[in-house]
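One structure below.
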Amino acid sequence: MKDIREFNLRSELHKYISEKLLKTAINSIDRQGKSLMDSSEGALWSGTVVLVIGEIKRLLREDISNVEGKNLVEVATNILKTWDTQSEIDTCFTGLGLSSWGALDDNHPIYSQLSNKEKKKLYSTLAVTRDFKNNWEAFNSCIEAGNSILKPDVKNTIEVHINKIIENYTKTGYFDDADNKGNYNSYGLMSLNYCLKALEVLPEKNNFKKKLIDQFRPHFLTYFSLVKAMTFGDGTGWVFGRSAGVLGQLQIIIFLEQALAHSFIAGDDAAWARGAIKQITYKMVELFWDEKKQWFCFRDEFHTPYSYRKTYPMHWDLLRYFMQAMEYALEDEKMVDQKEISLKGEHKCTEIITNKELQTSIFIWSDGLDQFVLPIMGGPNRLTTDCLPKPFCRGIIEGVTENLKPIWVPMLTINKLTYMPANFASSTKVNSEDGWDNYEVIYDKICSVDKGEEPISSISFKTIYSFRSNSFKREDVIFIKKDNLIIESFNMELLQSAPHPKRVSGYGKVCQIKPTLQSSISQITMSEPTAIDGDLSYRNYYGLPTSKWVVSGENISLTQGEYNVVTEISW
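Position in the sequence shown (from 1) plus 53 gives the number in the numbering used here.
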């Protein structure tokens with residue numbers, strides 16, 4: 054890939070990346086729309102291919118009869134001729150893709166080539182929406198958005214689905230990923246993108262299109278404050294949860310481009326967004342672009358996020374997103390004022406409450422050189438390492454992506470059940486003292502790893518996360534509420550990060566940490582560092598840690614009272 058900093062216009066930048074991704078994508082399928090890749094690269098959804106083909110026609114090339122040697126109208130037609138039972142995602146993507154050619158009639162170049170049986174199946178499949186209580190409602194909105202073009206004479210229910218989504222955002226300002234259990238991840242960004250995209254597809258003559266789009270303005274502004282606080286001066290975007298890595302960078306790019314295109318932000322906010330989009334894209338390329346395979350790498354032998362998310366199918370999503378980002382950038386570039394503000398490191402000590410009732414929050418701290426993002430969740434039931442309440446900072450504290458491990462969060466075994474002070478906080482507080490910026494979180498009930506929300510009443514935690522330049526400290530104040538409580542085991546791990554071996558230059562610094570431990574519980578000690586030795590269960594988006602320190606103790610008998618465990622690292 055050429056030096057993308059040469060592009061002055063964001064639309065040119067997004068178009069260049071789109072063309073690179075397009076070539077890889079189209080060369081990876083046959084004329085039936087089937088993947089030519091090894092099955093280990095992941096399964097390709099047929100609806101994604103149809104959507105991408107529709108967007109290529111709409112945004113890049115009016116004539117798609119010969120793209121990388123393939124007639125893409127023929128490819129899309131062949132896909133629909135072999136359609137089986139479709140998921141809501143496949144259905145929504147297919148409908149949006151087909152809408153690029155207008156209504157389903159004899160003039161539609163794909164629909165017109167189907168048999169009557171195939172037409173009936175397509176028509177009936179596109180009529181099905183499902184009752185969702187979570188962000189999947191966005192897919193219903195997209196299905197009906199496609200239908201507004203494909204079936205102009207059929208009553209459209211998009212307003213019903215959009216209003217359900219709006220109701221979810223309105224409850225707290227943020228979208229809960231887990232059916233109102235307190236899981237505030239970046240899927241709220243994704244839902245905004247999908248819903249606004251659905252509304253953009255509606256015909257201009259639609260009498261409630263502008264009203265529905267305007268309803269999203271306050272929710273975009275709410276998320277804009279969060280995104281602005283979380284984005285670091287080096288272009289690093291979302292750093293925790295399922296969307297860390299490639300997808301987190303991308304979701305912020307498309308979110309900011311949509312906000313600009315719809316004039317949801319203006320003035321210095323718009324100038325910041327323009328500069329941020331470029332720097333976030335640069336960082337995305339530096340960290341994740343695989344020059345050999347010509348795609349953004351979601352996983353390789355070192356760098357693997359989730360077992361269900363692989364590079365190849367996600368490649369098609371990225372192609373779609375970058376084409377749409379180009380479209381949004383072109384809209385914003387019509388504005389006379391194209392002022393940009395470059396990202397820079399600055400001091401931050403910011404708490405953003407995502408749900409007051411559930412006491413969920415995201416805390417951000419930075420000295421301008423390093424930045425930590427600490428999520429306090431309220432659910433879901435199953436704890437995962439990627440959303441545990443630890444401060445994420447690339448090169449210092451990274452954790453792991455999929456396996457539940459006690460990375461910077463203690464794991465206790467009591468009565469043969471495993472508990473963690475994670476989720477379900479009862480209060481939070483920000484303060485500064487003795488040169489430290491502190492975030493104090495009370496966990497009145499600690500979470501059962503085995504049974505989710507089922508708490509244990511005999512023990513509670515106050516955790517103080519403390520930050521200053523080149524140091525982080527976690528103090529766990531443990532309150533024992535009955536005599537002779539036996540903690541069968543106490544475990545917490547501190548990891549030494551390492552750069553991704555394939556992306557050393559773009560990765561940035563890796564800090565060598567120096568940990569210390571102080572505890573009023575004599576049985577709790579810290580081990581010497583031990584090598585990870587290629588244990589892939591410790592891998593994350595950025596590399597495989599080299600070593601770990603284990604803070605642990607066994608068969609700890611405690612009487613009523615207050616105890617503490619203080620772990621600190623410097624670098």
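Note that beta-carbon positions come from the ideal geometry of N, C-alpha and C, so glycine has one too.
Helix, strand or coil for residue i per DSSP?
| i | result |
| --- | --- |
| residue 514 | strand |
| residue 257 | coil |
| residue 214 | helix |
| residue 595 | coil |
| residue 85 | coil |
| residue 225 | helix |
| residue 292 | coil |
| residue 273 | helix |
| residue 114 | coil |
| residue 368 | helix |
| residue 161 | coil |
| residue 307 | helix |
| residue 662 | As displayed, the chain neither begins before 54 nor continues past 624, which places residue 662 out of reach and without an answer. |
| residue 122 | coil |
| residue 167 | coil |
| residue 394 | coil |
| residue 430 | coil |
| residue 182 | coil |
| residue 549 | strand |
| residue 631 | Within the shown structure, residues of the chain are numbered from 54 to 624, placing residue 631 beyond reach of any answer. |
| residue 496 | strand |
| residue 381 | helix |
| residue 603 | strand |
Would you call residue i buried or exposed, if buried means 16 or more other Cβ atoms sit within 10 Å of its Cβ?
| i | result |
| --- | --- |
| residue 565 | exposed |
| residue 389 | exposed |
| residue 392 | exposed |
| residue 128 | buried |
| residue 54 | exposed |
| residue 190 | buried |
| residue 177 | exposed |
| residue 226 | buried |
| residue 256 | exposed |
| residue 429 | buried |
| residue 116 | exposed |
| residue 571 | exposed |
| residue 584 | exposed |
| residue 184 | exposed |
| residue 370 | buried |
| residue 200 | buried |
| residue 554 | exposed |
Could you round the C-beta distance between residue i and residue j to whole angstroms and report it? I think they count as a contact, below 8 Å.
| i | j | result |
| --- | --- | --- |
| residue 203 | residue 151 | 6 Å |
| residue 230 | residue 187 | 7 Å |
| residue 404 | residue 483 | 5 Å |
| residue 544 | residue 444 | Residue 544 to residue 444, Cβ: 19 Å. No contact. |
| residue 149 | residue 95 | In fact, because the Cβ distance is near 22 Å, the residues do not count as touching under 8 Å. |
| residue 438 | residue 452 | 5 Å |
| residue 120 | residue 114 | 7 Å |
| residue 518 | residue 499 | No, residue 518 and residue 499 are not in contact; Cβ-Cβ is about 16 Å, not under 8 Å. |
| residue 198 | residue 251 | 4 Å |
Could you tell me whether the Cβ atoms of residue i and residue j are closer together than 8 Å?
| i | j | result |
| --- | --- | --- |
| residue 373 | residue 461 | no |
| residue 242 | residue 304 | yes |
| residue 103 | residue 147 | yes |
| residue 336 | residue 448 | no |
| residue 524 | residue 622 | yes |
| residue 307 | residue 246 | yes |
| residue 594 | residue 298 | yes |
| residue 313 | residue 381 | yes |
| residue 291 | residue 239 | yes |
| residue 630 | residue 431 | Absent from the structure is residue 630, since the part of the chain shown begins at 54 and ends at 624. |
| residue 515 | residue 495 | yes |
| residue 478 | residue 412 | yes |
| residue 414 | residue 481 | yes |
| residue 163 | residue 98 | no |
| residue 89 | residue 81 | yes |
| residue 475 | residue 394 | no |
Is the stretch 129–139 in contact with the stretch 389–408, if contact means three or more CB pairs nearer than 8 Å?
no
Determine contact between the stretch 603–623 and the stretch 569–585, defined as no fewer than three beta-carbon pairs at a distance below 8 Å.
yes
The stretch 517–535 in contact with the stretch 546–553 per 3-pair CB rule at 8 Å:
no
Count Cβ pairs between the stretch 255–266 and the stretch 373–388 that sit closer than 8 Å; are there 3 or more?
no
Any 3 or more C-beta pairs closer than 8 Å across the stretch 534–541 and the stretch 507–519:
yes
Could you tell me whether the stretch 405–425 touches the stretch 100–120, using the rule of 3 or more Cβ pairs below 8 Å?
no
Pairing CB atoms from the stretch 60–68 with CB atoms from the stretch 339–346, are three or more of them under 8 Å?
no
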